[in-house]
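These protein sequences, in sequence, are chains A and B.
Counting from 32, one number per residue, gives the positions in the first sequence under my numbering.
Counting from 32, one number per residue, gives the positions in the second sequence under my numbering.
Read the structure below first, then the notes.
2 protein chains.
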Amino acid sequence: MSEDFHHRFLDIAFKAAFASVRSNKGGPFGAVIVKDGHVIGNGVNSVISNNDPTAHAEIMAIRDACRNIANFDLEGSVIYSTCEPCPMCLSAIYWANISEVYYCSTKVEAAEIGFRDHHIYDELSLPSEYRNLPFHKLDHPQAAKLFLEWQNKEDKTPY
Amino acid sequence: MSEDFHHRFLDIAFKAAFASVRSNKGGPFGAVIVKDGHVIGNGVNSVISNNDPTAHAEIMAIRDACRNIANFDLEGSVIYSTCEPCPMCLSAIYWANISEVYYCSTKVEAAEIGFRDHHIYDELSLPSEYRNLPFHKLDHPQAAKLFLEWQNKEDKTPY
């Protein structure tokens, strides 16, 4: 694919991201999901306006695309993001089975304007006992039963 | 805090998770967010019923709590999850400023019943060129301008 092909979709993401910042919707981030050359989902960071810390551009675009195609599986689609996805969004990209990622700014550049993406990547790569966030494992009599019930469920939809 | 104190909240999460599995809402996962000893948010995995790959229990609980308190910042609150959070949910926990995590089943046990949490943790810890997911950095003339606009915005809400 030519640079022009990719820029067509990035242009949409950047335009939406500028509008989002100017209308106080959220941070400077936009994303577009494309399948077979067509846009199937759009998203901008909406953390502030939605009071939702999970409302990052890529998450919003994934939700939008899934709603539009009425499926939780985006296999074969591509995401264009104005910035390297944070670990929440990157994990969501894996869960959604998106096949390829294109991005412009980096997590280091995002850190330079005050976002914690890089810090969260570092935290996740540590064993839980070394993280800043206290992490406690508890026993519960239902834990094994719940997983067994899923495993034995005959009409389950795997995802 | 005593084990009884924690189990009070875990009991709620497990009960909701069993109901979610039995009604084909989603996978076997539930979460509860607690502040000052009171439940402020609930969530169950709703990936299947919502057609939303981001609708994990912890994400749903974070969104519910933020809606209930009308704020994107959950500082000082605690999350109880029936299972160790996947990297998407753990990152969301960081973005939401949740202060502590309690969980029962582990990501290894989740892998044993078919969930990819452990695999995604492994992928995220790799430099992007070693991941299974193709990752491409592109240049775009708006990238630096967008970040600069955020940086210079005088009425921005940091998050």
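Heads up, the beta-carbon is just placed ideally off N, CA and C, and yes, glycines get one too.
Given a cut-off of 8 Å on the beta-carbon distance, is the pair residue i and residue j in contact?
i, j, result
"E160 of chain B", "C120 of chain B", "no"
"I64 of chain B", "I93 of chain B", "yes"
"Y134 of chain A", "P116 of chain A", "yes"
"A48 of chain A", "P59 of chain A", "yes"
"R98 of chain A", "N76 of chain B", "no"
"G57 of chain A", "V78 of chain A", "yes"
"H37 of chain B", "Y152 of chain B", "no"
"P118 of chain B", "S122 of chain A", "yes"
"V52 of chain A", "K184 of chain B", "yes"
"A174 of chain B", "S136 of chain A", "yes"
"H150 of chain A", "F45 of chain B", "no"
Under three-state DSSP, which class holds residue i?
i, result
"C97 of chain B", "helix"
"H171 of chain B", "coil"
"H87 of chain A", "coil"
"I144 of chain B", "coil"
"N73 of chain B", "strand"
"D153 of chain B", "helix"
"C117 of chain B", "coil"
"A44 of chain A", "helix"
"K187 of chain B", "coil"
"A123 of chain A", "helix"
"K56 of chain A", "coil"
"E106 of chain A", "coil"
"N81 of chain A", "helix"
"S33 of chain A", "coil"
From the DSSP output, read off the bridge partner residues of residue i.
i, result
"F166 of chain B", "A:V132"
"Y111 of chain B", "B:V63 and B:Y133"
Just to check my reading of the structure: residue i and residue j have Cβ atoms closer than 8 Å, yes? What is that Cβ distance to the nearest angstrom?
i, j, result
"P84 of chain B", "A101 of chain A", "That belief does not hold up - the Cβ atoms of P84 of chain B and A101 of chain A are roughly 13 Å apart, past 8 Å."
"L41 of chain A", "T113 of chain B", "40 Å between Cβ atoms; not a contact."
"G145 of chain B", "P189 of chain A", "6 Å"
"N55 of chain A", "S80 of chain A", "7 Å"
"E154 of chain A", "Y125 of chain B", "7 Å"
How would you label residue i, buried or exposed, when you count the other beta carbons within 10 angstroms and need 16 or more for buried?
i, result
"G68 of chain B", "exposed"
"D148 of chain A", "buried"
"Q182 of chain A", "exposed"
"L105 of chain B", "buried"
"A86 of chain A", "buried"
"V139 of chain B", "exposed"
"A50 of chain A", "exposed"
Please indicate yes or no: does the CB of residue i lie closer than 7 Å to some heavy atom of the ligand SAM?
i, result
"A127 of chain A", "Absence of the ligand SAM is noted for the structure shown, with no ligands found whatsoever."
At a CB-CB cut-off below 7 Å, which residues of chain E make contact with residue i?
i, result
"G145 of chain A", "In summary, chain E is missing from the structure at hand, where the protein chains are A and B."
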